[in-house]
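Engineer: According to the working numbering, the sequence shown is numbered sequentially starting from 2.
Have a look at this one before I ask anything.
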Amino acid sequence: MHVTRVFLKTHNILGVMFTSLLFMNAFLIPSVLADDTTIDSWVEAFFDIEFETGVDLSVHVTMNVHKLTTYKSYSAEEIRAADDQEMGALRYELYLMLKNQLDRMFPNADLLNFSMPTYSSENPEGKKGIVSYEPPAVFNGDVQVKLSSAFFGLNASVDSEDFINGVLDMDGIVSYVFDLQAENGWNNTYTIILPEGMEYRRTTGTVEEGNRIWWSLENWKGEKSLGTAEISIKLSEPTTTASNNEDIYLDFELDLRDTEEPVLKTNILAKTINIKKYGILPDFITNLDFVPADGIRLFIDNNFISWDDIYQKTIKSIEEKIVANIENSSFNQSFSPSFSWDPQTTFNCSTPYNITSMDNKPSIKAVLTKNNIDLQIYRIPIRAVFGLINAGATANISREDINFGDKLDEIGYPYNGSLMLPDNISLDGKNIYKWNQSNPIHGEMMSDTAPTYSQEEIKTYVYIDINKMDLNLPSFFTGKTELTVTVDARENIDIYIAKIPQEFSLPGKMHMKYINSDAFRLCVEEKVFNENDVNSFLTNKKNLFEEKIGKILEKQKIKGYSDKKMFFNSIRWDGDISNMDAQLPVTISSYSHSLYPTSFNLSLLPPSFSISIQKFNLTGMENQSVTYRIIFPKGVKADANNTVGKAMIKGKTGDGREYIEITFNSDESDKWSVISCKLSATPLYIVGVFLPCILSLIITVVLVLIIYLIRRRRGGKEVVVREEEKTVEHTGYENEDYYVPPPPPSSR
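Structure below.
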């Protein structure tokens, strides 16, 4: 009995305690439970949002469901006990509510692979519901989110994936604002997870270790359904780090491969451009004032700017500086280049950019082209310089020898330069020579195919043309026997290879011992040998010719002339400076016309006619072969010999005139010879010589006969000439000192 009382007493105490616990637990449950009848859903949702790229997000949602209503309300226990049809309806209801919240958070984004949440029998660790005495029904949902250009407030033509990821890889900071929405009865926790290589710069969320930032939005009572999550992110190690300066340099290409039309190309190479002055970047992008070339191409492809914008705001001012400095330098000529973009680095670039490797390769290239420039070295045209180099000259060249490059430092940009030389020509051993402001042009220019010469090759031809011998009639009629000899002399000097004549000179830094005929032509054509020097050269050759012919004919005075027409005809050529040879000579021609008397003997019995021996003084010339040809009149034969016994060639011209020829080699400059010619004339030639005299005699005889016949015809009668008396009428005033007019005629 006592035991029973104790038991009943104990039982009453436990009942009171249990009742008290239930009462206290009711106060521990959120007040929303008191309104359970007014809220259709009771869900705790955990949104794990992981950035994969700047626009690609992987979202996993865990939903702890305590209550969910379709056509009726289900508790967690009832959800777990639901059949397939009921579970399908519950999942679809969760899908609709979840989609509403995702559409709010990611407006205009693409929700990929998004389907109805799946039911999970177990609650993942760390995501316990607040109603611990009754575990929630757990659902999971996954979706891939791709943020579109509209999400960022950009034009539809912008490729958001390329643009955002490209900006991040250029060390830009991208700010995101996500509008949060919790359905009535939902308590949401949003956690943004940044992957390795991505970090936040600013956020409104709570930062946990491991690049996790979270926000919470409680809407148990349906009183606070909206919120925002803000975060600014950047890459930890972008391809291009932020810069504070533009990186633009110049590249000057002197393309001299075609010497007829040398070209100057000025390449403006932009590695990094100040994009801030364009004012094109949206507000959600910061830390991006200077962008590499890939970034410019990215912005142009996405219609933020155009190539014309780049020209107007960046390139044009540089172009103006280049033009002004070059025109006012030793270049000394108008410089109005044409502008173009290099298509391989701009609108036709094979790989304009790589959003995972945004760099300056290739640099944006703007090209200023000027054709047919007047480039000079040593103040002579480059065509002349290269031709002389190909003919065997060498040249030491430095920066001041070229009429280009002396004011490039004043443009204000670093620069490189290149000389693109013709084939076989090199400067300092390089066919394409590179230089810059730190290492200016310097080196020896030479040709790999230049000929080499060890001696001169000059061939001189002297023609003594005795074209006629005429009888000197005045002397003949006074008892002398002289012939007047007419001589046309000509000297042709064919220059194949020679030392540079003293009348001409090359620049001091150019070395050339022997000049060949093509090089001589080139120097005259390009006025390396100017007109005055050429005239002096021809005049001096003419003077030497006069002296030479005077010695040959033993005459003190010869008047010579320069045959300039022959000279200028001989300097015509194909103009190919890549093949400078000595096959065709340059000809220096001088000529004269002179007369001199020579005696002859004439005998009637026995009949004979002999001309005095003709002597010609011939000599060799230094470093050149000399051929003398003496041509005699037609009908005159010559029996010649010389004092040194040199071989002589006898021959006939095309019109049958005899000549003798003798040659001195280039090593016989110290030799001389007197050629003695005994001339004999044919009877016909003798007749021709005396024909004027014979004609004169015949004419005289004819005149005498005519006079004789006229006198004889008149019979020898004396002709009397009578003079009639004239009656002179005297007026009486003839002797007066004053004038008296004649009387008027008498009237009849």
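We put the CB at the ideal spot given by N, CA and C, even for glycine.
Given the structure is predicted, the values throughout are model-derived calculations rather than measurements.
Am I right that S161 and V56 are in contact with their C-beta atoms under 8 Å? What's the rounded C-beta distance?
Structural biologist: Rounded, the Cβ-Cβ distance is 5 Å, consistent with contact.
Engineer: Taking Cβ to Cβ, would you say S76 is nearer than 9 Å to N303?
Structural biologist: The answer is no: Cβ separation not under 9 Å.
Engineer: Bridge partners of G206, per DSSP?
Structural biologist: The partner list for G206 (beta bridge, DSSP) is empty, contrary to what the question assumes.
Engineer: Which one or two residues does DSSP pair with H61 in a beta bridge?
Structural biologist: In the DSSP output, where bridge partners are listed per residue, H61 has D49 and D143.
Engineer: Could you compute how far the alpha carbon of S590 sits from the alpha carbon of R491?
Structural biologist: Using only the alpha carbons, I get a separation of about 7 Å.
Engineer: From what residue to what residue does the alpha helix (DSSP H) around R384 run?
Structural biologist: Per DSSP, R384 belongs to the alpha helix (DSSP H) from I383 to N391.
Engineer: Determine the direct distance from the alpha carbon of T241 to that of P137, and round the result to whole angstroms.
Structural biologist: The alpha-carbon atoms of P137 and T241 are separated by roughly 49 Å.
Engineer: Buried or exposed for L698, going by 16 or more other Cβ atoms inside 10 Å?
Structural biologist: Exposed.
Engineer: Can you tell which of Y592, I614 and M513 has the C-alpha that lies nearest to the C-alpha of N602?
Structural biologist: Residue I614 is the option with its Cα nearest to N602.
Engineer: Cβ of S358 within 9 Å of Cβ of D170?
Structural biologist: The answer is yes: Cβ separation under 9 Å.
Engineer: Flag this pair as touching only if the segment 278-296 and the segment 398-408 have three or more C-beta atom pairs under 8 Å; answer yes or no.
Structural biologist: Not touching, per the Cβ criterion.
Engineer: Could you give the first and the last residue of the continuous beta strand (DSSP E) run that contains Y497?
Structural biologist: Looking at the DSSP string, the run of the beta strand (DSSP E) that includes Y497 is E483 to K500.
Engineer: Along the alpha helix (DSSP H) that carries F617, what are the first and last residues, could you check?
Structural biologist: Element bounds for F617: not the alpha helix (DSSP H) but the beta strand (DSSP E), Q615 to T620.
Engineer: Distance, Cα to Cα, P586 vs I516?
Structural biologist: Cα-Cα distance, rounded: 12 Å.
Engineer: L376 to H594, Cα distance in whole Å?
Structural biologist: L376 and H594: Cα-Cα distance of roughly 47 Å.
Engineer: Check each candidate in F665, K272 and I501 and name the one with the smallest Cα separation from V535.
Structural biologist: Comparing Cα positions, the closest option is I501.
Engineer: Here's the rule I'm using: 16 or more other beta-carbon atoms within 10 Å means buried, otherwise exposed. How should D656 be labelled?
Structural biologist: By the 10 Å Cβ count, D656 comes out exposed.
Engineer: Under 7 Å Cβ to Cβ from L299, same chain only, skipping five residues before and after it: list those, please.
Structural biologist: Once the five neighbours on either side are set aside, the close Cβ partners of L299 are D163, F164, G167 and Y354.
Engineer: Measure the alpha-carbon distance for Y120 versus A183 and round it to whole angstroms.
Structural biologist: Near 21 Å, if we compare the C-alpha coordinates of A183 and Y120.
Engineer: Going by C-alpha distance, which of E458, G551, T487 and N570 is nearest A499?
Structural biologist: Per the Cα distances, E458.
Engineer: Helix, strand or coil: how does DSSP classify R380 here?
Structural biologist: In this structure, R380 counts as coil in the three-state DSSP scheme.
Engineer: Would you mind reading off the limits of the beta strand (DSSP E) that contains Y515?
Structural biologist: Run containing Y515: Y515 to N517, per the beta strand (DSSP E) assignment.
Engineer: Just mark Y134 as buried or exposed, buried being the case when its beta carbon has 16 or more other beta carbons within 10 Å.
Structural biologist: Bear in mind that the predicted position of Y134 carries a pLDDT of just 47, short of 50, making it unreliable; the figure below should be weighed with that in mind. When all chains shown are included, Y134 counts as exposed.
Engineer: Please report the residue range of the alpha helix (DSSP H) in which N536 lies.
Structural biologist: Element bounds for N536: E532 to L554.
Engineer: I'd like the ranges of any alpha helix (DSSP H) spanning at least 4 consecutive residues and lying wholly in the segment 295-340.
Structural biologist: With a minimum length of 4 residues, the continuous alpha helix (DSSP H) runs that stay inside the segment 295-340 are 308-311 and 317-328.
Engineer: Rounded C-beta distance between A385 and V529? I'm assuming under 8 Å.
Structural biologist: The pair is a contact, with the Cβ atoms about 5 Å apart (cut-off 8 Å).
Engineer: So the candidates are E247, K635 and E254; which of them puts its Cα closest to the Cα of K278?
Structural biologist: Selected option, being the one with the closest Cα: E247.
Engineer: Can you look up Q182 in the DSSP assignment and give me helix, strand or coil?
Structural biologist: Of the three classes helix, strand and coil, the one that applies to Q182 here is strand, per DSSP.
Engineer: Quick one: measure Cβ to Cβ for F610 and I687, integer angstroms, because I've assumed they're closer than 8 Å.
Structural biologist: Rounded, the Cβ-Cβ distance is 5 Å, consistent with contact.
Engineer: So what does DSSP say about Y709, is it helix, strand or coil?
Structural biologist: Note: Y709 maps to helix in three-state DSSP.
Engineer: Look at the Cβ atom of I412, then the Cβ atom of T315, and state whether they are nearer than 9 Å.
Structural biologist: In this structure, T315 does not lie closer than 9 Å to I412 by Cβ.
Engineer: According to the Cβ coordinates, are V146 and S59 closer than 9 Å?
Structural biologist: Their beta carbons are under 9 Å apart, which means V146 touches S59 by this criterion.
Engineer: Work out the CA separation of H67 and M25 for me, nearest whole Å.
Structural biologist: Any answer about M25 is weak, because its pLDDT of 42 lies below 50 and its placement is not dependable; what the coordinates show is given next. Cα to Cα, M25 sits roughly 21 Å from H67.
Engineer: Do you know how far the Cα of S351 is from the Cα of W308?
Structural biologist: Cα to Cα, the separation comes out at about 17 Å.
Engineer: Per the contact definition of three or more C-beta pairs closer than 8 Å, is the segment 411-427 in contact with the segment 318-328?
Structural biologist: Yes, they touch.
Engineer: With a CB to CB cut of under 7 Å and the five nearest residues on each side skipped, what residues in its chain are close to N156?
Structural biologist: S150 and N304.
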